[in-house]
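In this note's numbering, the protein residues as written are 117 to 260. Glycine included, C-beta positions come from ideal geometry on N, C-alpha and C.
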Amino acid sequence: MAPILIVQVILIPMAASWMMDTWVIRRRETALQDVASHVGSTIQQLYFSLNREEVFAGVTTQAANVPPYIESIPYVITASDEKVENSTFIDLYLALIGIDTTTTSRVTLGPNVSWRQSTFVSNSTSASIEVEKFANGSLSFSFK
Numbered sequence: 117m118a119p120i121l122i123v124q125v126i127l128i129p130m131a132a133s134w135m136m137d138t139w140v141i142r143r144r145e146t147a148l149q150d151v152a153s154h155v156g157s158t159i160q161q162l163y164f165s166l167n168r169e170e171v172f173a174g175v176t177t178q179a180a181n182v183p184p185y186i187e188s189i190p191y192v193i194t195a196s197d198e199k200v201e202n203s204t205f206i207d208l209y210l211a212l213i214g215i216d217t218t219t220t221s222r223v224t225l226g227p228n229v230s231w232r233q234s235t236f237v238s239n240s241t242s243a244s245i246e247v248e249k250f251a252n253g254s255l256s257f258s259f260k
């Protein structure tokens, strides 16, 4: 009888706690990946909109339209660019602040793109994506 009691009192709550922790981590990762996909899509849409001869040089700012928190936790996004042949890859790195939950996403753009080092802080009132188009047609992306 004692072994059954030990299982009911100790092991079942421990297993339930472990399963809940795993579920919470996966839920946060999924929410963070949704944000990464949305930000990546916004960057691609900006590129396709601005990478045209009809669009003149200047600065465009676009709100990212993502939630400021994931389960009451703010997050940060950083990015880097990598040029390969006739493409530029923008790698987005997302992390919940103070928690070990991260994800990445990659956006493929044309060769005339560069990324200025910057950080997107989700709960900032001015969190947005900024694109500067130059007279030669090149585009410089950053977070504002």
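Cβ-Cβ distance between residue i and residue j below 9 Å
i	j	result
Q149	S196	no
S240	E248	no
T194	N228	no
L208	G156	yes
I189	R144	yes
V192	A179	no
V182	I206	no
Extent of the continuous beta strand (DSSP E) run through residue i
i	result
I206	203 to 212
G174	174 to 179
E246	244 to 249
I193	191 to 200
Contacts around residue i, its chain only, beta-carbon distance under 7 Å, and the 5 residues preceding and following it disregarded
i	result
A251	A173
One or two residues paired with residue i in a DSSP bridge
i	result
W231	F257
F164	DSSP output for F164 lists no bridge partner at all.
T218	A211
6 Å CB neighbourhood of residue i in its chain, flanking five on each side removed
i	result
S234	S258, F259
S256	S230, R232, E248
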